[in-house]
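Okay, so here's the structure we're looking at.
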Amino acid sequence: MGYRNLQQCVRGLERRRMLVRVSEEVDADLEAAEIQRRVYAAGGPALLFDNVRNCRFPVASNLFGTMDRTRFIFRDALAGVQTLIRLKKDPTELLRHPLRVPSVLRTLLSMRPAKRSTGPVLAHETSVDQLPPLKSWPGDGGAFITLPEVYTEHPDRPGYINSNLGMYRVQLNGNQYAPNRQVGLHYQIHRSIGQHHAAALAKGEPLRVNIFVGGPPSMAIAAVMPLPEGIPEVAFAGALSRRAIRMIRRSEGPMICAEADFCITGTIATEELPEGPFGDHLGYYSLSHDFPVLNVDRVYHRKDAIWPFTVVGRPPQEDTSFGELIHELTGPAIPAVLPGVRAIHAVDQSGVHPLLLAIGNERYVPYAQERQPQEVLTNANAILGQGQLSLAKYLLITAQQDNPELDINDIEAFFRHVLERVDWTRDLHFQTRTTIDTLDYSGTGLNEGSKLVIAGVGRVRRELPTEVPADLWLPNGFADPKVCLPGVIAITAPKWSVGPHQADPAGDRFSDQMPADSPLNRFPLVVLTEDSEFCSQSLSNFLWVTFTRSNPAADIYGIDSFTAQKHWGCRGSLVIDARLKAHMAPALEVDPDVSKRVDRLFSRGASLHGIC
Numbered sequence: 055m056g057y058r059n060l061q062q063c064v065r066g067l068e069r070r071r072m073l074v075r076v077s078e079e080v081d082a083d084l085e086a087a088e089i090q091r092r093v094y095a096a097g098g099p100a101l102l103f104d105n106v107r108n109c110r111f112p113v114a115s116n117l118f119g120t121m122d123r124t125r126f127i128f129r130d131a132l133a134g135v136q137t138l139i140r141l142k143k144d145p146t147e148l149l150r151h152p153l154r155v156p157s158v159l160r161t162l163l164s165m166r167p168a169k170r171s172t173g174p175v176l177a178h179e180t181s182v183d184q185l186p187p188l189k190s191w192p193g194d195g196g197a198f199i200t201l202p203e204v205y206t207e208h209p210d211r212p213g214y215i216n217s218n219l220g221m222y223r224v225q226l227n228g229n230q231y232a233p234n235r236q237v238g239l240h241y242q243i244h245r246s247i248g249q250h251h252a253a254a255l256a257k258g259e260p261l262r263v264n265i266f267v268g269g270p271p272s273m274a275i276a277a278v279m280p281l282p283e284g285i286p287e288v289a290f291a292g293a294l295s296r297r298a299i300r301m302i303r304r305s306e307g308p309m310i311c312a313e314a315d316f317c318i319t320g321t322i323a324t325e326e327l328p329e330g331p332f333g334d335h336l337g338y339y340s341l342s343h344d345f346p347v348l349n350v351d352r353v354y355h356r357k358d359a360i361w362p363f364t365v366v367g368r369p370p371q372e373d374t375s376f377g378e379l380i381h382e383l384t385g386p387a388i389p390a391v392l393p394g395v396r397a398i399h400a401v402d403q404s405g406v407h408p409l410l411l412a413i414g415n416e417r418y419v420p421y422a423q424e425r426q427p428q429e430v431l432t433n434a435n436a437i438l439g440q441g442q443l444s445l446a447k448y449l450l451i452t453a454q455q456d457n458p459e460l461d462i463n464d465i466e467a468f469f470r471h472v473l474e475r476v477d478w479t480r481d482l483h484f485q486t487r488t489t490i491d492t493l494d495y496s497g498t499g500l501n502e503g504s505k506l507v508i509a510g511v512g513r514v515r516r517e518l519p520t521e522v523p524a525d526l527w528l529p530n531g532f533a534d535p536k537v538c539l540p541g542v543i544a545i546t547a548p549k550w551s552v553g554p555h556q557a558d559p560a561g562d563r564f565s566d567q568m569p570a571d572s573p574l575n576r577f578p579l580v581v582l583t584e585d586s587e588f589c590s591q592s593l594s595n596f597l598w599v600t601f602t603r604s605n606p607a608a609d610i611y612g613i614d615s616f617t618a619q620k621h622w623g624c625r626g627s628l629v630i631d632a633r634l635k636a637h638m639a640p641a642l643e644v645d646p647d648v649s650k651r652v653d654r655l656f657s658r659g660a661s662l663h664g665i666c
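Residue numbers for the sequence shown follow my numbering, so the first one is 55 and each next one is one higher.
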């Protein structure tokens, strides 16, 4: 059986020495987050902070900090959930493996919440200012809940069947929020809470919201799962716990998770206030923008409440484990949800949404002498029309038929495969003036930007160079070429010199001045950046710099480029301008004074000695 609540989980991890208690006093303002970042980077244990300055609640972090620990937490349920998901792909699975029937039935029974009239979470009440005021980055606009489980039900069809559980940003204080009476609720587009809010407004009513913190560990995973319409996240949480989630039905408002550690109840209507800034998962601050406000009614907590938190920042962070677990669980079902698509990989190092890799099929013209992108473009359109995948900015897709053994998780091999085959005169497909991730500031405005599908299919067209050509000439102001990957070269360019969303001529100047016969054109991909050395130091740096700092429609150039029947392409290298622009948010940096203060916890005799 899975863990019923966070207390059971913490005890279970501690018994197996997967959790360390930190007894020294720790400040929730930046110190706890700095400790979490260090311990996560070292592959260290889960943490329980018993002594948080000016706070009576203990806080826990890094519960999902390694995949081994994440799998351990859900060890009893993973096989049943995976079988259930495989049935989506192949309903005859149980006919071939009848011994799996009991496990599947148990999983199905766990998906129906167990309704209760009360529960541990209602034992005590407190106020927002008594909650742990955790702040992760120096520029954050206040304290945030970093593992919230925001629960709503459809106003016209109340109940868990039409409910939504999402992990949306919740700001506890700062900005213009009335202390103890208002908190910020920054929910994402393309999620069902927006439909619930719209339905409530259409009825002239505020939307009732419950925010859970803690409780069954499966609730946190369910809150970030990209589930198909019709499958409530609470039901999935039950399957992942292998026990029904206990939910309290009250006289009005959505249900409350009985085993949650905390529950903030309230309503959102039409009022918006500035929310943020907040250090986010692309590795930059998301800036202050107007978002809905939750008017707080009550704050409940159980008597033994623990406040779980994580740190969001440049990947990898603890939420990387969430993505890996989601991929393990849902990967086998992708062909059933998206026919023709064999595999998808949202690249964590690029901030997830900026870059998707995909393997599709190319079977439209099996008699053709040479394969070219046809069915994979249909696959690409299907991917970009699917839930959270629709927020992707770059989609690189290839055909399974070209290399059935290609591993989509081997990013370097995938890039090599595509770049060996891509034809820049044909294989670039833009979508302009469309939606991108709210947190991505490379676009033309909030939620606004462009997309690019790169389809690399067919025969090998080129050998990818791995060394800088000795006779390479570069235009004035461009220097220090460095090879990032086979076929990919980074070049240091002048820093961005104009205002937000203005055209900087550097990209055009570089592409126009490079001759068509330049040896640079042996490299299919060129990245312009302020620091080519940093960009080329690691695969992670290349992915982060290139795909978080560019908006395809604005920042892609080409040597010997052309437009034919509104199709843009180039005969030489494709050039991505990945410099930091004036309209982009600043990158996240640690406060060195805070870093020095927490050194004490890793010294000899301290709680965390030997972990980092």
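Where a beta carbon is used, it is the ideal one built from N, C-alpha and C, also for glycine.
Predicted model only: the values in this text are computed from it and were never measured.
{"Asked": "If I follow the unbroken beta strand (DSSP E) through LYS549, where does it start and stop?", "Found": "Where LYS549 is concerned, there is no enclosing beta strand (DSSP E), given that its DSSP letter is neither H nor E."}
{"Asked": "Within 10 angstroms of the Cβ of ARG658, are there 16 or more other Cβ atoms? Answer buried if so, exposed if not.", "Found": "exposed"}
{"Asked": "Sorted by chain position, which residues of the same chain lie with C-beta nearer than 8 Å to ASP566's C-beta, five sequence neighbours on each side aside?", "Found": "none"}
{"Asked": "Give the secondary structure of CYS109 by DSSP, where H, G and I count as helix, E and B as strand, and everything else as coil.", "Found": "coil"}
{"Asked": "Note the first and the last residue of the continuous alpha helix (DSSP H) segment covering LYS650.", "Found": "646-652"}
{"Asked": "Counting C-beta neighbours from all protein chains within 10 Å, is the total for VAL552 16 or more, i.e. buried, or is it exposed?", "Found": "exposed"}
{"Asked": "Give me the DSSP bridge partner(s) of ASP631.", "Found": "LEU582"}
{"Asked": "So what does DSSP say about VAL76, is it helix, strand or coil?", "Found": "strand"}
{"Asked": "Can you grab the Cα-Cα spacing for the pair LEU460 / ARG515, in whole Å?", "Found": "18 Å"}
{"Asked": "Considering only C-alpha positions, which residue in the set PHE376, PRO386, LYS447, GLY510 is nearest to ARG123?", "Found": "PHE376"}
{"Asked": "Measuring only the C-alpha atoms, how far is ALA312 from ARG303?", "Found": "10 Å"}
{"Asked": "Quick check: the Cα distance between LEU655 and ALA82, rounded to an integer number of angstroms?", "Found": "15 Å"}
{"Asked": "For ASN595, report the span of its beta strand (DSSP E) as first-last.", "Found": "Looking at the DSSP string, ASN595 is not in any beta strand (DSSP E); the run it does join, the alpha helix (DSSP H), is 593-602."}
{"Asked": "Can you tell which of THR161, ALA533, ILE380 has the C-alpha that lies nearest to the C-alpha of THR137?", "Found": "THR161"}
{"Asked": "With three or more C-beta pairs closer than 8 Å as the rule, is the region 284-294 touching the region 58-78?", "Found": "no"}
{"Asked": "Can you give me the start and stop residues for the beta strand (DSSP E) that ASP81 sits inside?", "Found": "Note, ASP81: premise wrong, no beta strand (DSSP E); not H, not E."}
{"Asked": "Along the beta strand (DSSP E) that carries ASP351, what are the first and last residues, could you check?", "Found": "343-355"}
{"Asked": "Which parts of the region 358-396 are runs of the beta strand (DSSP E), unbroken and 3 residues or longer, counting only runs that do not cross its ends?", "Found": "361-363"}
{"Asked": "To the nearest angstrom, how far is the alpha carbon of ARG107 from that of VAL648?", "Found": "15 Å"}
{"Asked": "With DSSP as the reference, please indicate the residues paired to TRP622 in a beta bridge.", "Found": "THR617"}
{"Asked": "Could you say if the region 349-365 and the region 183-195 meet the contact criterion of at least three C-beta pairs nearer than 8 Å?", "Found": "yes"}
{"Asked": "In chain order, which alpha helix (DSSP H) runs of at least 4 residues are fully inside the region 261-301?", "Found": "271-278, 287-295"}
{"Asked": "Taking the alpha carbon of THR452 as the point to measure from, which residue in ALA446, GLY394, TYR421 has its own alpha carbon closest?", "Found": "GLY394"}
{"Asked": "Look up VAL507 in the DSSP assignment and give the residues it is bridged to.", "Found": "LEU449, HIS483"}
{"Asked": "How far does the alpha helix (DSSP H) with ALA577 in it reach, from first residue to last?", "Found": "Correcting the residue identity first, residue 577 is Phe in this sequence and not Ala. It is not in any alpha helix (DSSP H) - PHE577 carries neither H nor E in the DSSP assignment."}
{"Asked": "Near LEU482, which residues of its chain fall below 7 Å by C-beta distance, leaving aside the five closest residues on each side in sequence?", "Found": "LEU506, ILE508, TRP622, GLY623"}
{"Asked": "Answer with buried or exposed for THR600, where buried requires no fewer than 16 other C-beta atoms within 10 angstroms of its C-beta.", "Found": "buried"}
{"Asked": "Would you say PHE548 and GLY531 are within 8 Å of each other, going by their C-beta atoms?", "Found": "At residue 548 the sequence reads Pro, which differs from the Phe that was named. Closer than 8 Å, so yes."}
{"Asked": "Quick one: Cα of ALA197 to Cα of VAL224, how far?", "Found": "9 Å"}
{"Asked": "Do ASN433 and ALA400 have their beta-carbon atoms positioned less than 8 Å apart in this structure?", "Found": "no"}
{"Asked": "Helix or strand or just coil, what does DSSP make of LEU153?", "Found": "Because the pLDDT at LEU153 is just 48, under 50, the model does not fix this residue reliably, and the value given afterwards should be weighed accordingly. In this structure, LEU153 counts as helix in the three-state DSSP scheme."}
{"Asked": "Suppose the cutoff is 8 Å on Cβ atoms and the five residues either side in sequence are ignored; what does the same chain contact list for LEU153 look like?", "Found": "With a pLDDT of only 48 at LEU153, under the threshold of 50, the placement of this residue in the model should not be trusted, and no figure is reported."}
{"Asked": "Mapping DSSP to helix, strand and coil, what is TYR24?", "Found": "The question about residue 24 has no answer, for the chain in this structure spans 55 to 666."}
{"Asked": "One question on the structure: do ALA168 and GLY56 come within less than 8 Å of each other, judged by their Cβ atoms?", "Found": "no"}
{"Asked": "Quick one: is GLU203 buried, meaning 16 or more other Cβ sit within 10 Å of its Cβ, or exposed?", "Found": "buried"}
{"Asked": "Within 8 Å, do at least three Cβ pairs link the region 511-527 to the region 471-485?", "Found": "yes"}
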